[in-house]
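Accompanying notes for the structure given below.
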Amino acid sequence: MKPPAPEFSRPLEVARVPQGGSYEKLQAVAEECAALAKRIGVETLRAYSGKLHVKPWRGGGLHVTGTMTADLDRVSVVSLQSFAATQDIEIDRYFLPSGAASNEEDDADPIEGGIVDLGEVAAETLALDLDPYPRQPDESFEAPADTSPESSSPFANLSKILVKKS
Numbered sequence: 005m006k007p008p009a010p011e012f013s014r015p016l017e018v019a020r021v022p023q024g025g026s027y028e029k030l031q032a033v034a035e036e037c038a039a040l041a042k043r044i045g046v047e048t049l050r051a052y053s054g055k056l057h058v059k060p061w062r063g064g065g066l067h068v069t070g071t072m073t074a075d076l077d078r079v080s081v082v083s084l085q086s087f088a089a090t091q092d093i094e095i096d097r098y099f100l101p102s103g104a105a106s107n108e109e110d111d112a113d114p115i116e117g118g119i120v121d122l123g124e125v126a127a128e129t130l131a132l133d134l135d136p137y138p139r140q141p142d143e144s145f146e147a148p149a150d151t152s153p154e155s156s157s158p159f160a161n162l163s164k165i166l167v168k169k170s
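The numbering of the sequence shown is the numbering used here, which starts it at 5 and goes up by one.
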């Protein structure tokens, strides 16, 4: 079974990257933003764009760095209200050809078929960089006033009854 096509695909042939590297501008169109929003679980992704620097690394590999900016709507876990947010995402990833010797320290992703999908790299990084518990900048979570173990125990009332009988 063939995996589904990425929502934001910008394939780059590794062999075409010049020795000095190149800059790649990425910008998601409306349909890609809608599909990415669904994938990463945000209410709306209005825009996702940025500039990546791609340079050869370790004979056949690539080093991808840059910044992407996401304009999105999140739902606060405190108030359940939607709010607009802008998030800058730093990308710093390494790639090596599949089967190439790699140290555990390298933490390099495999290059499949001589292609690195920069759009998918940007989408993965956005998904991993999002706060799993978003809240508006002026919101804070306050725990209930009485959090003592005695009052939260299911036997708290029973112990009060036993004390009264003795």
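Note that CB positions come from ideal geometry on N, CA and C, so glycine has one too.
Query, Result
"C-alpha gap between Y98 and H57, whole angstroms", "12 angstroms"
"Nearest residue (CA-CA) to G117, options E128, V125, P101, P22", "P101"
"Proximity test, F99 beta-carbon vs the ligand MN heavy atom, cut-off 7 angstroms", "Summarising the ligand content, the structure contains no ligands, and the ligand MN is consequently not present."
"Same chain only: Cβ atoms within 6 angstroms of L43, ignoring 5 sequence neighbours per side", "Per the sequence shown, the amino acid found at residue 43 is Arg instead of Leu. These residues qualify, in order along the chain: E11."
"Rounded straight-line distance, which links the Cα of V82 to that of D96", "32 angstroms"
"Candidates T69, D77, D142, K29: closest to P46 by CA position", "Here residue 46 turns out to be Val, not Pro, going by the sequence shown. With distances taken between Cα atoms, V46 lies closest to D77."
"C-alpha distance - L66 paired with F145, whole-angstrom precision", "43 angstroms"
"Inter-residue Cα distance where the pair is E87 and Q140", "It should be noted that the sequence gives Phe, not Glu, for residue 87. Straight-line Cα distance between these residues: approximately 7 angstroms."
"Where the alpha helix (DSSP H) through R43 begins and ends", "34 to 44"
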